[in-house]
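Here the protein sequences line up with chains B and G, keeping their order. Just so you know, the numbering used here puts the end of the first sequence at 254, numbered straight through with nothing missing. Just so you know, the numbering used here puts the end of the second sequence at 508, numbered straight through with nothing missing. Virtual Cβ for every residue (Gly too), placed ideally from N, Cα, C. Quick caveat: nothing in here was measured; it's all calculated off a predicted structure. Just below is one structure, and these are the notes that go with it.
Protein chains: 2
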Amino acid sequence: MSSADADADWSIQEIARLSGATSRTLRHYDDIGLLPPSRIGGNGYRYYDEHALARLQRILLLRELGLGLPAIAEVLEGQTSNTDALTTHLHWLRQEQQRLDRQIGAIETTIRKLRGGEQLMAEEMLDGFDHTQYKQEVEERWGKDAYAKSDAWWRGMSADEKESWRARAERLGSDWIAAVASGIAPDSDDAQALARRHVEWLASIPGTPGAHRDYVIGLGEMYVADERFGANYGGTEGATFVRDALRVYAEANL
Amino acid sequence: MSSADADADWSIQEIARLSGATSRTLRHYDDIGLLPPSRIGGNGYRYYDEHALARLQRILLLRELGLGLPAIAEVLEGQTSNTDALTTHLHWLRQEQQRLDRQIGAIETTIRKLRGGEQLMAEEMLDGFDHTQYKQEVEERWGKDAYAKSDAWWRGMSADEKESWRARAERLGSDWIAAVASGIAPDSDDAQALARRHVEWLASIPGTPGAHRDYVIGLGEMYVADERFGANYGGTEGATFVRDALRVYAEANL
DNA sequence: CTAAACGTTGACGCTGCGTCAATGTCAAGC
DNA sequence: GCTTGACATTGACGCAGCGTCAACGTTTAG
Numbered sequence: 001m002s003s004a005d006a007d008a009d010w011s012i013q014e015i016a017r018l019s020g021a022t023s024r025t026l027r028h029y030d031d032i033g034l035l036p037p038s039r040i041g042g043n044g045y046r047y048y049d050e051h052a053l054a055r056l057q058r059i060l061l062l063r064e065l066g067l068g069l070p071a072i073a074e075v076l077e078g079q080t081s082n083t084d085a086l087t088t089h090l091h092w093l094r095q096e097q098q099r100l101d102r103q104i105g106a107i108e109t110t111i112r113k114l115r116g117g118e119q120l121m122a123e124e125m126l127d128g129f130d131h132t133q134y135k136q137e138v139e140e141r142w143g144k145d146a147y148a149k150s151d152a153w154w155r156g157m158s159a160d161e162k163e164s165w166r167a168r169a170e171r172l173g174s175d176w177i178a179a180v181a182s183g184i185a186p187d188s189d190d191a192q193a194l195a196r197r198h199v200e201w202l203a204s205i206p207g208t209p210g211a212h213r214d215y216v217i218g219l220g221e222m223y224v225a226d227e228r229f230g231a232n233y234g235g236t237e238g239a240t241f242v243r244d245a246l247r248v249y250a251e252a253n254l
Numbered sequence: 255m256s257s258a259d260a261d262a263d264w265s266i267q268e269i270a271r272l273s274g275a276t277s278r279t280l281r282h283y284d285d286i287g288l289l290p291p292s293r294i295g296g297n298g299y300r301y302y303d304e305h306a307l308a309r310l311q312r313i314l315l316l317r318e319l320g321l322g323l324p325a326i327a328e329v330l331e332g333q334t335s336n337t338d339a340l341t342t343h344l345h346w347l348r349q350e351q352q353r354l355d356r357q358i359g360a361i362e363t364t365i366r367k368l369r370g371g372e373q374l375m376a377e378e379m380l381d382g383f384d385h386t387q388y389k390q391e392v393e394e395r396w397g398k399d400a401y402a403k404s405d406a407w408w409r410g411m412s413a414d415e416k417e418s419w420r421a422r423a424e425r426l427g428s429d430w431i432a433a434v435a436s437g438i439a440p441d442s443d444d445a446q447a448l449a450r451r452h453v454e455w456l457a458s459i460p461g462t463p464g465a466h467r468d469y470v471i472g473l474g475e476m477y478v479a480d481e482r483f484g485a486n487y488g489g490t491e492g493a494t495f496v497r498d499a500l501r502v503y504a505e506a507n508l
């Protein structure tokens with residue numbers, strides 16, 4: 001009979017799995033009165049029916065939108081309408097976003113200042129390279145004019161082009177940092193995909209050897225050796241990861 | 255002698271005022287070992303010298319950029335370089351921003367769905383107006399074709415124009431909500447400036463009476479009476495504030 | 001009958017202080 | 001020498017939303 005289904009209720013773990021919330025969360029919602037169980041067994045166990053499940057779904061939906069539990073409670077009590085609550089919350093989110101915008105701008109400015117100048121990216125890159133132990137090797141292999149060529153390329157760009165290039169470099173750095181944070185290995189598929197992107201990015205800089213095996217490997221070493229470069233990849237730890245990933249990639253594909 | 259100045263140190267309240275932090279914050283920084291006082295009196299009082307003050311300034315600077323106290327400690331200990339810490343933090347801020355972006359998008363979508371359709375803004379505005387107690391008065395004064403005209407105006411806009419108009423309306427709503435939250439009075443200068451903006455915005459909609467005294471006042475009443483409009487201003491409370499501000503403005507200027 | 005799985009009620013932890021509370025100290029004026 | 005007010009101290013709770021033990025009953029499958 002279907003009445004058996006209609007009267008059914010579930011244990012705390014069962015709705016936890018049905019809804020995606022944890023049992024701890026459900027007990028918390030009970031504690032603060034947001035979602036009391038529909039029934040409590042003689043053993044103290046909490047049981048929930050489909051009514052409670054529906055209420056839970058609404059709670060989780062609003063929570064995903066970022067509303068606080070008290071605000072959610074007001075909506076469910078009918079004291080506040082959905083649109084009212086969401087509009088208010090939307091406003092607060094916009095404030096937060098502006099705050100982040102300002103912080104990001106301030107940090108970018110600070111980082112650039114710490115580097116000692118805005119347009120030194122390219123100079124630093126090759127200048128830094130020269131500072132490494134690989135200087136001789138590089139000059140022998142790719143010529144002493146590599147620096148000059150790249151410098152001319154950089155100076156030839158418009159401000160917008162420079163900004164776009166910088167943004168691209170930052171996105172790459174951001175992804176490297178995320179990769180490190182996620183705990184994957186340098187030889188994993190994801191890391192190797194990043195390495196490929198990195199090499200393609202390098203190849204887009206004229207005057208450099210580009211996708212050349214020893215150049216890529218040497219560059220990786222430099223990221224670790226020179227803090228100014230490592231900073232783009234989340235510091236020494238990140239730079240080490242990038243170096244290892246690049247080496248694996250270069251030895252396998254270049 | 256200048257040596258008297260060089261050896262000076264300050265009480266906790268004094269550096270609090272010098273730095274802008276509160277004394278509670280300073281005691282907290284002492285508790286967690288982030289900024290110990292340079293000297294502790296026999297009475298247990300904390301005293302700070304110019305060295306400690308400089309350290310405090312660095313702390314506050316990094317804190318403004320959003321870094322956590324443990325991260326700041328690492329930087330000051332020299333375990334992490336400035337650029338490393340800032341780059342890592344920058345990455346985390348970007349993640350947060352994307353999260354907010356997604357939430358904002360989801361909420362806007364939800365609100366529009368709740369309203370029952372995207373492009374009903376203008377229709378709702380005048381339709382809702384008609385539903386109020388002011389319908390007769392409005393029709394008598396401004397003619398029955400006001401709705402039709404405005405409807406035609408809205409439908410004549412391109413998608414981009416509509417979006418831009420919607421964004422403008424949302425910014426206005428956002429500012430109203432901020433005004434209410436800040437606790438100012440409806441007849442304050444700031445609120446009246448908003449009212450002016452609001453009226454100018456109204457006047458930009460063809461087919462409406464625009465900056466007409468009774469129209470503006472009646473519209474304000476409608477915001478309170480009809481929840482669909484009040485939602486744009488943070489709910490009933492916000493709508494009431496807008497109504498009062500508009501009335502004051504209209505009676506004084508129109 | 002037993003072990004595994006699941007249930008319960010506490011209670012601490014995290015971020016960065018704001019905010020009392022209870023109490024001691026110091027400088028200035030009478 | 002005493003009072004007063006400003007300033008100092010060390011706790012300790014509170015906030016948002018659960019995660020994470022801990023210590024201990026209950027149900028269920030084998």
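| query | result |
| --- | --- |
| Exposed unless 16 or more other CB atoms sit within 10 angstroms - verdict on G:A308 | exposed |
| Among B:I59, B:G42, B:S38, B:G44, the one whose alpha carbon lies nearest that of B:H51 | B:S38 |
| CA nearest to the CA of G:G464, picked from G:S273, G:L500, G:N486 | G:L500 |
| Closest Cα partner of G:I365 within the set B:Q79, B:L62, B:V216, B:P186 | B:L62 |
| Residue closest to G:R348, alpha-carbon to alpha-carbon, out of B:G66, B:L172, B:A185, B:L202 | B:L172 |
| Closer than 7 Å to chain B by CB, G:I361 | yes |
| Option nearest G:G298 by Cα separation, candidates G:V470, G:A449, G:L323, G:D284 | G:D284 |
| Contacts of G:D338 in chain B (Cβ-Cβ under 8 Å) | E227, G230, A231, G234, G235, T236 |
| G:Q351: contacting residues in chain B (beta-carbon distance under 8 Å) | Q97, L100, D101, I104 |
| Chain B contact for G:T342 (CB, 7 Å cutoff) | yes |
| Any C-beta of chain G under 7 Å from that of B:S182 | no |
| Short-range partners of chain G found in the stretch 59 to 77 of chain B, where Cβ spacing is below 7 Å | L65, G66 |
| Helix, strand or coil at B:G44 according to DSSP, with G and I counted as helix | coil |
| Residues that G:S265 bridges to, as DSSP identifies them | G:Y301 |
| Separation of G:V496 from G:F383, as counted between CA atoms | With a pLDDT of 41 at G:F383, under the threshold of 50, the predicted position of this residue should be treated as unreliable, and no value is reported. |
| Nearest-angstrom beta carbon gap, G:A433 and G:D443 [assumed within contact, 8 Å] | No, G:D443 and G:A433 are not in contact; Cβ-Cβ is about 11 Å, not under 8 Å. |
| C-beta neighbour in chain B for G:H345, strict 7 Å | yes |
| Rounded distance between the beta-carbons of G:L323 and G:I286, thought under 8 Å | 7 Å |
| Span of the alpha helix (DSSP H), counted from its first residue to its last, around B:Y233 | From DSSP, B:Y233 is part of no alpha helix (DSSP H); its letter is neither H nor E. |
| Separation of B:L34 from B:A73, as counted between CA atoms | 6 Å |
| Member of G:G295, G:E318, G:Y302 whose CA lies at the smallest distance from the CA of G:R271 | G:Y302 |
| B:A193, enclosing alpha helix (DSSP H) - first and last residue | 189 to 203 |
| Beta-carbon gap between G:I533 and G:S277 smaller than 7 Å | Residue 533 of chain G is absent from the model: chain G starts at 255 and stops at 508. |
| Any alpha helix (DSSP H) of 4 or more consecutive residues that is wholly inside the stretch 63 to 117 of chain B | 69 to 77, 82 to 115 |
| Residue range of the unbroken alpha helix (DSSP H) whose run includes B:S38 | Unbroken run through B:S38: none, as it is neither H nor E. |
| Chain-ordered chain G contacts of B:L114 [CB-CB under 7 Å] | N336, T337 |
| B:Q103 classed as buried or exposed, judged by whether at least 16 other C-beta atoms fall within 10 angstroms | buried |
| CA nearest to the CA of B:W176, picked from B:N253, B:G220, B:T83 | B:G220 |
| Within chain G, partners of B:R94 - CB distance below 8 Å | I358, S428 |
| Alpha helix (DSSP H) segment containing B:H28, residue limits | 23 to 31 |
| Neighbour list for B:I15 in chain G, Cβ cutoff strictly below 7 Å | Going along chain G, no residue has its Cβ under 7 Å from B:I15, so there is no contact; the nearest lies around 24 Å. |
| Nearest-angstrom Cα separation, counted from G:T494 out to G:Q446 | 14 Å |
| Partners in chain G for B:I111, counting only beta-carbon separations shorter than 8 Å | T337, L340, T341, L344 |
| Contacting residues, own chain, Cβ-Cβ under 6 Å from G:M379 (five flanking each side not counted) | Confidence at G:M379 is low in this model, with a pLDDT of 47, below 50, so the placement of that residue is unreliable and no value is reported for it. |
| Cβ-Cβ separation, G:V453 to G:V478 (assumed contact under 8 Å), whole Å | Between G:V453 and G:V478 the Cβ distance is about 17 Å, and since that is not below 8 Å, they are no contact. |
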